[in-house]
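FYI, in our numbering the residues of the sequence shown are -13 to 211.
Report on the structure given below.
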Amino acid sequence: MFTGVIRSTGMLASLGDGRLVIETQPPLDLVEGDSVAVNGVCLTATEVSDRGGFDADVMPETLRQTTLGGLREGVWVNIELPLRASDRLDGHIVQGHVDGVAEVQSATEEGNARVVRLSPPPELLRYVVPKGSIAVDGVSLTVAAVDEEGFSVSLIPETLQRTNLGALAPGASVNVEVDVVAKYVEKLVNDPGERCSPEADRSGARPTDARAALLPQRSGCAPTL
């Protein structure tokens, strides 16, 4: 699990034959087998260099469904190590499971910030809400505005300097991961499973009030309020 708070960037040294090689300075606190997010995509470090950098295997599905397949050598990528149990939960919960790719429609200056408008696939836009959280190329951001065609985020100077989002221009593609909580809520609300009622108890016995309180978990449907 990640938080979308980027503390390191790296340079893509090579990408081919299912192997991605990233160079980082200073070296990361990383060992072989560790998870690491690259532009929001959760990967496994297969080799770690003492000089700074790591290798990771990337399967064809990942290359097709994310922007990693279109990266060129020499570009900078966002790097995040997984959250430790003792860490503070800055940002928001990010799984590293990219939901889709969005296109940058515009990037305009507004005071000390830069407003970037993005157009994601329509099936993802329903999970985006004003002031909600979203991960763009692995960076935890707050949604500034949403309409029927896309959404906007406002990038502060710290984000522009510390991540690769400062280089975004119209036409660029970015990885997008929506808030996982929204997807779980949708699943619970729209699940066509059994209604939550005493009759749903498969034991055949009429439950007590205490047992009835457990029926939503047992039957797999959301409680009726």
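Glycine included, C-beta positions come from ideal geometry on N, C-alpha and C.
Anticipated Cβ contact below 8 Å, residue i with residue j, distance rounded
i, j, result
"L16", "L54", "Their Cβ separation, rounded to whole angstroms, is 18 Å, which puts L16 and L54 out of contact at 8 Å."
"I(-8)", "G86", "Not a contact, Cβ separation roughly 20 Å."
"V84", "G157", "Incorrect: roughly 19 Å between the Cβ atoms, too far for contact."
"V90", "A155", "7 Å"
Short Cβ contact (8 Å threshold) for residue i with residue j
i, j, result
"V80", "S126", "yes"
"L162", "V122", "According to the sequence displayed, residue 162 carries Val and not Leu. Contact: yes."
"A88", "P116", "no"
"S0", "L14", "no"
"D24", "N150", "Sequence inspection shows Val at residue 24; the Asp mentioned does not correspond to that position. In this structure, N150 does not lie closer than 8 Å to V24 by Cβ."
"G(-4)", "E9", "yes"
"A99", "I142", "yes"
"E59", "L(-2)", "yes"
"E96", "S140", "yes"
"G(-10)", "G77", "yes"
"A130", "V175", "no"
"V164", "V132", "no"
"M(-13)", "P68", "yes"
"G82", "V44", "no"
"P12", "G38", "yes"
"G152", "R103", "no"
"T128", "S138", "no"
Beta-ladder partner(s) of residue i, from DSSP
i, result
"R103", "S92 and S138"
"L1", "L6"
"T128", "S119"
"A23", "C28 and E66"
"V87", "N161"
"S(-6)", "I65"
"V80", "F(-12)"
Span of the alpha helix (DSSP H), counted from its first residue to its last, around residue i
i, result
"Q147", "P143 to R148"
"A168", "V166 to N176"
"E109", "P108 to L111"
Beta strand (DSSP E) runs contained entirely in the segment 26 to 56, provided each spans 3 or more residues: 27 to 34 and 40 to 43
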